[in-house]
Amino acid sequence: MFNVNGKVVGGNAKPYIIAEMSANHGGDIDRAKQTIRAAMLAGADAVKMQTYTPDTMTLDCNKEDFTIPDGLWKGYTLYQLYNEAHTPFEWHRALFEYAGSLGITIFSTPVDETAVDLLEELDTPAYKIASFELTDTPLIEYVASRGKPVFMSTGMSTIEEIANAVECCKKHDNNDILLFHCISSYPADLTDARLGAIRYIRDHFQLEVGLSDHTISNKAALLSVALGAKAIEKHFKPDEKDCGPDSSFSILPDQLRDLVEDCNTAHLAIQSEGLERAGSETFNRRFRRS
């Protein structure tokens with residue numbers, strides 16, 4: 119277990135709930151602030167951003183290799199998608215300060231060293247490595263060397279690739295690691311959630327494990343808590359507006375509030391590992407047949 123801004127992640131602590139803002143600001147900083155406030159009011163432990171520009175992610179190219187052929191973002195070039203979805207660097211300080219004024223933790227997913235440098239200037243309390251960057255060894259080492267907790271998504275990755283990413287952190291004496299089980303499909307189908315991987319990853323690496331959930335309900339998250347998940351990351355938007363590429367698989371404030379409450383309840387429900395009788399049974403023992 120480790121600590122992020124005074125809250126324990128892992129061990130016997132309640133599940134750490136992260137509201138992923140991603141592109142749901144719709145290019146409007148006021149909406150980004152609205153998202154942060156809505157997440158705080160719903161009880162999330164943290165809000166997560168993504169720190170990149172389209173130019174640090176890809177090339178402005180419309181060739182076949184740079185065009186998405188199907189799925190939610192069919193027809194977009196990668197540059198178009200990232201241009202629409204990115205959170206401008208110049209917003210970051212204002213959003214970090216706003217989150218601080220509300221008392222909610224904020225951190226981000228960097229995709230290159232310039233993003234890490236910006237986040238360090240803002241004294242980010244943690245980092246997230248996205249599934250698509252899990253094989254970016256130099257980036258992971260650069261992040262790990264900052265000495266902050268590292269959340270890493272494992273979507274699309276082999277066990278060897280995950281092991282290499284973990285080793286990159288430990289190489290820099292950074293053992294504050296949580297591995298998110300993740301299905302990198304947008305949205306992901308609950309029947310394809312592969313939640314058994316949570317226990318496998320936990321036991322194989324002896325690290326804290328969570329779920330980065332791209333399904334459209336809270337079912338996978340609740341099941342994952344029963345399987346030992348210590349953190350849940352869920353895409354979040356403050357209202358019904360369709361404001362970006364991630365909107366269709368993002369939950370609303372009432373759903374986030376339910377997620378927090380239900381995950382906490384699930385955490386309490388699985389506390390006993392032996393045959394420890396509930397105190398509520400004591401009274402009824404006297405009515406057994408003698």
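In the working numbering, the protein residues as written are 119 to 408.
By construction, the Cβ of each residue, glycine as well, lies at the ideal position given by its N, Cα and C atoms.
Every value quoted in this text rests on a predicted model; they were computed, and no experiment measured them.
Legend entry - Beta-carbon spacing of Tyr216, Ile136 below 8 Å: no
Inset, instruction - Inspect the CB distances between the region 375-384 and the region 164-175 and report whether three or more fall short of 8 Å. - result: no
Legend entry - For Ser226 and Leu252, believed in contact at Cβ under 8 Å, the rounded distance: Not confirmed; about 16 Å, so no contact.
Legend entry - Continuous alpha helix (DSSP H) stretch holding Gly71: start and end: The shown model of the chain, from 119 to 408, leaves out residue 71, and the question about it has no answer.
Inset, instruction - Throw me the rounded Cβ distance for the Gly303 and Thr272 pair, which I believe falls under 8 Å. - result: According to the sequence as given, residue 303 is Ser; it is not Gly. That belief does not hold up - the Cβ atoms of Ser303 and Thr272 are roughly 14 Å apart, past 8 Å.
Inset, instruction - On a CA-only basis, which of Ala338, Val284 and Asn282 is nearest Cys300? Give me that one, please. - result: Ala338
Legend entry - Cα-Cα separation between Leu297 and Asp173, rounded to whole angstroms: 28 Å
Legend entry - Alpha-carbon spacing of Ala150 relative to Arg404, whole angstroms: 58 Å
Inset, instruction - State yes or no: is the C-beta of Gly161 within less than 8 Å of the C-beta of Val378? - result: yes
Inset, instruction - Whole angstroms is fine: what's the gap from Ile369's alpha carbon to Ile147's? - result: 20 Å
Legend entry - Exposed unless 16 or more other CB atoms sit within 10 angstroms - verdict on Arg320: buried
Inset, instruction - Assuming Phe214 and Leu177 form a contact by the criterion Cβ under 8 Å, report the distance between their Cβ atoms to the nearest whole angstrom. - result: Not quite, the Cβ-Cβ distance comes to about 30 Å (not below 8 Å), so this is no contact.
Legend entry - CA-to-CA distance, Leu374 to Lys348, given in whole angstroms: 16 Å
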